[in-house]
Amino acid sequence: MLVGAQDDDLFGSAPTETTVVLARRDGSLMTPLGLAAGEVLIEIEWSGAATLRQLIRKLDRPVYLVMMAVGVLIRQGLVRATQRELEVLVEPILEWVRVPRVNAMASQA
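Numbering-wise (the working numbering), the sequence shown opens with residue 329 and increments by one.
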């Protein structure tokens, strides 16, 4: 449902000057997509790699949203997807390594 417009105005009659569509009540797709992308990235970082089917089963998100999230992460260069027979394997491009912090004062002495 759209805020600022009547149902009649949306589908039945031509828009008038008083019809103003401000925003969707159900929200934008960007927030759920960002959350799903974050969940996919966390899962991939923890497991090292996962098939698209495993991600869809593990995450509590609609199939289309998980697939879009994987696409976003591919475009950002954070993961890669390769087809292995009937499966699509999603794996991280970079592996995060924790580097110990060196005390700047100790290195000068």
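C-beta: ideal position from N, C-alpha, C; glycine also.
Distance between Leu-363 and Val-400 (C-alpha atoms, nearest Å): Rounded to whole angstroms, Val-400 and Leu-363 show a C-alpha spacing of 12 Å.
Which residues does DSSP list as the beta-bridge partners of Leu-417? Within the DSSP bridge table, the entry for Leu-417 names Thr-379, Thr-410 as partners.
At what residues does the alpha helix (DSSP H) containing Leu-393 begin and finish? The continuous alpha helix (DSSP H) containing Leu-393 extends over residues 391–403.
Separation of Leu-383 from Leu-414, as counted between CA atoms: In a straight line, the C-alpha of Leu-414 is about 15 Å away from that of Leu-383.
Can you grab the Cα-Cα spacing for the pair Ala-365 / Arg-412, in whole Å? Distance between the alpha carbons of Ala-365 and Arg-412: 22 Å.
Select from Pro-390, Val-391, Leu-380 the residue whose C-alpha is nearest the C-alpha of Arg-408. Ranking Pro-390, Val-391, Leu-380 by Cα distance to Arg-408 puts Leu-380 first.
Would you identify the three-state DSSP class for Leu-350, choosing helix, strand or coil? Confidence at Leu-350 is low in this model, with a pLDDT of 35, below 50, so its placement is unreliable and no value can be given for it.
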